Amino acid sequence: KPKNLPKNCLEAPPKPKAPAVSQKNREAEERERKLRKKKEDKKEDVERRQEEEKEEMQRLMQGEQQRRNALELRRQREQDEERREAEERQRAEEEAVRRRQEKRERRLMEEEDRRRQLQEDVERSEERRLRRLEAIERQNRELEEQKRLEEEQQKKAAEEAERKRKEDLERLAQMEAGIKRQQEAKAKKEQEEQDRLNGLTDEEKAAEAAAKKAHKDAEEAREDAEKAHDEEERLGGKIGDAVDKVKDRMKHLQDCQKELAEAKAKLQSLMKEKQERLKKNGEARESADKANAEEKAKVDSHNAKEDADLKAAVDKGEAKIEKAEAESKEATDKLMTEEEKIMQEIAEAEAAHAAALRAYKKEQEQQAELEGRLKEAAAKVRKFREGVDEEGGIYKTKSGSSSVFRAPALGIAMVASVLASARVL
Numbered sequence: 001k002p003k004n005l006p007k008n009c010l011e012a013p014p015k016p017k018a019p020a021v022s023q024k025n026r027e028a029e030e031r032e033r034k035l036r037k038k039k040e041d042k043k044e045d046v047e048r049r050q051e052e053e054k055e056e057m058q059r060l061m062q063g064e065q066q067r068r069n070a071l072e073l074r075r076q077r078e079q080d081e082e083r084r085e086a087e088e089r090q091r092a093e094e095e096a097v098r099r100r101q102e103k104r105e106r107r108l109m110e111e112e113d114r115r116r117q118l119q120e121d122v123e124r125s126e127e128r129r130l131r132r133l134e135a136i137e138r139q140n141r142e143l144e145e146q147k148r149l150e151e152e153q154q155k156k157a158a159e160e161a162e163r164k165r166k167e168d169l170e171r172l173a174q175m176e177a178g179i180k181r182q183q184e185a186k187a188k189k190e191q192e193e194q195d196r197l198n199g200l201t202d203e204e205k206a207a208e209a210a211a212k213k214a215h216k217d218a219e220e221a222r223e224d225a226e227k228a229h230d231e232e233e234r235l236g237g238k239i240g241d242a243v244d245k246v247k248d249r250m251k252h253l254q255d256c257q258k259e260l261a262e263a264k265a266k267l268q269s270l271m272k273e274k275q276e277r278l279k280k281n282g283e284a285r286e287s288a289d290k291a292n293a294e295e296k297a298k299v300d301s302h303n304a305k306e307d308a309d310l311k312a313a314v315d316k317g318e319a320k321i322e323k324a325e326a327e328s329k330e331a332t333d334k335l336m337t338e339e340e341k342i343m344q345e346i347a348e349a350e351a352a353h354a355a356a357l358r359a360y361k362k363e364q365e366q367q368a369e370l371e372g373r374l375k376e377a378a379a380k381v382r383k384f385r386e387g388v389d390e391e392g393g394i395y396k397t398k399s400g401s402s403s404v405f406r407a408p409a410l411g412i413a414m415v416a417s418v419l420a421s422a423r424v425l
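To convert, note that position 169 of the sequence shown is 169 in full-length UniProt numbering; the numbers rise steadily by one, no gaps.
Now the structure itself:
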C-alpha cells in the first residue's frame with residue numbers, strides 16, 4: 001500500500017442509501033461500521049508496519065550484506081596490503097640482512113686479509129730479524145776471531161817487546177855494571193888522589209900555621225922594635241940586645257915567609273893539578289853519562305815505540321770491536337723497534353677484529369630480537385585473523401548488532417597498532 005496517504009483515500013466508496021430504519025439499527029450499524037473500519041484500519045496499519053518492517057529488514061539485510069561485502073573487501077585489501085607490506089618488509093629485511101651479512105663478510109675478509117698480511121709481514125720481519133741476527137752473530141764471530149788474532153799478535157808483539165826489553169835491560173845492566181866498575185875505579189883513584197891532596201892540604205895548613213905564627217912573631221918583634229925604639233933613648237945600653245933579638249926574629253920571620261911562599265906555590269901547583277884531574281874525571285864521567293844516557297834514550301825510545309805500536313794496535317782493535325758492538329746494538333735496537341711496531345699493529349688488528357666480531361654478534365642479537373618481535377606481531381595478526389566469524393565479523397559474538405559494528409573498528413585499531421609496532425621494530 002502507498003504510504004502516508006490521506007485517510008479518506010482508503011475508505012470504501014459510499015453505499016447507496018438504504019431505506020429508513022430505526023435509529024438503533026442505524027447506530028448499531030454505525031458502530032459496526034466503525035468497528036469494521038477500525039479493524040480494517042488496524043489491519044492496514046499492521047500490514048503497513050509489517051511491510052515497512054520487511055522493507056526495513058530488507059534494507060538492513062542489504063546494508064549488512066553491503067557492509068559485510070565492504071568489510072570483506074577491506075579485509076581482503078588489508079590482508080593483501082599487509083601481505084605485500086610483510087613481503088616487502090621481509091624482502092627489505094632479507095636484503096638488509098644480506099647486505100649486512102655481505103658487509104660483515106667483506107669486513108671479516110678484509111680483517112682476515114689484513115691479519116694474514118700482518119702475519120706475513122711479521123714472518124718476513126722475523127726472517128729479516130733472524131737473518132740480521134745471524135749476520136750480526138757471524139760478524140761478532142768474525143770480530144771475536146779478529147780480536148783473538150789481534151790479541152795473539154798483540155801478545156806475540158808484547159812478548160817480543162818484553163824479550164827485547166829484557167835484552168835491552170840486561171845489556172843496559174851490563175853497561176851500568178861496567179860503568180859502575182869504571183866509576184868505582186875512578187872513585188878509588190879519586191879517593192887516593194883526594195887522600196894525597198888531603199895530605200898536601202895538611203902540609204899546607206901546617207905551613208900556613210907556621211906562616212901565621214911567623215907573622216905573629218914578626219908583629220910581636222915589630223911591636224917590640226917600636227917599643228925598643230921608644231925606649232932607646234930612655235934605656236940606653238939595653239937597646240943593642242933588643243935590636244939583636246929583633247933582627248933574629250925578623251930573619252926568622254923572613255925565613256917563615258919564604259917557606260910560606262914556597263908552600264903557597266906548591267899548594268897552587270897541587271890545586272891546579274887537582275883541578276886538571278877533576279876536569280879530566282868530570283869529562284870522562286860526562287862522556288860516560290852521555291853514552292849511558294844515549295844508550296838509555298835509545299832503549300827508552302825503542303821501548304816507547306814498541307809500547308806505542310802495541311797500544312795503537314790495541315786501541316785499533318778495541319775501536320773496531322766497539323764499532324762492531326755499536327753496529328750490532330743499533331741493528332738489535334732497530335729490530336726490536338720494528339718488532340714492537342709490528343706487534344702493535346697486530347694488537348690493533350686483533351682489537352679491530354674483536355670489535356668487528358662484537359659488532360657482528362650485536363647485529364645478530366638485534367636481528368634475532370627483531371625476528372622475535374616480528375614473529376610475535378605475526379602471531380598477534382594471525383590470532384586476530386582467526387577471530388573472524390563466518391559472517392565476516394572480527395570477533396565471534398552472539399550479542400546484538402552494536403557489537404558487530406564495534407568489532408571492525410577495534411580489530412582495525414589493533415592491526416594498525418601491530419603494524420606500527422612492526423614498523424618501529
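For every residue, glycine included, the Cβ atom is placed at its ideal position computed from N, Cα and C.
Here the structure is a predicted model, which means the values were calculated and not measured.
Rounded to the nearest whole angstrom, the C-alpha separation of residue 74 and residue 58 is 23 angstroms. For residue 189, the closest of 177, 280 and 261 by C-alpha to C-alpha distance is 280. Take the alpha-carbon of residue 72 and the one of residue 54: they are about 26 angstroms apart.
Of 135, 155 and 173, the smallest CA-CA separation from residue 309 is found for 155. In the structure shown, residue 22 adopts coil according to DSSP, grouped into three states. Annotation: residue 31 to residue 65 spans about 49 angstroms, alpha carbon to alpha carbon.
A direct Cα-Cα distance of roughly 35 angstroms separates residue 367 from residue 343.
Taking 9 angstroms as the cut-off, the Cβ atoms of residue 172 and residue 305 do not count as close.
Straight across, the Cα-Cα distance linking residue 147 with residue 137 is about 14 angstroms.
Contact check between the region 160-171 and the region 368-377: fewer than three CB pairs, one atom from each, fall below 8 angstroms, which does not count as touching.
With respect to the 9 angstroms criterion, residue 353 and residue 111 are classified as neighbours on the basis of their beta carbons. With respect to the 9 angstroms criterion, residue 91 and residue 363 are not classified as neighbours on the basis of their beta carbons. Out of 382, 371, 380 and 383, the CA that lies nearest to the CA of residue 89 is found in 371.
Non-local beta-carbon contacts of residue 97 in its own chain, meaning distances under 8 angstroms to residues more than five positions away in sequence, involve 367 in chain order. Proximity to residue 293 across 179, 102, 365 and 119 peaks at 179, based on C-alpha coordinates.
Residue burial annotation: residue 143 is buried, with at least 16 other C-beta atoms found within 10 angstroms of its C-beta. With a contact defined as Cβ atoms closer than 8 angstroms, residue 349 and residue 118 qualify at about 5 angstroms. CA-to-CA, the gap between residue 289 and residue 175 works out to about 11 angstroms. A straight line joining the alpha-carbon of residue 116 with that of residue 152 spans about 52 angstroms. When the alpha-carbon of residue 379 is set against those of 86, 36 and 25, the nearest one is in 86. By the 16-neighbour rule on beta-carbons within 10 angstroms, residue 276 is exposed. Straight across, the Cα-Cα distance linking residue 323 with residue 315 is about 12 angstroms. The beta carbons of residue 359 and residue 104 sit closer together than 9 angstroms.
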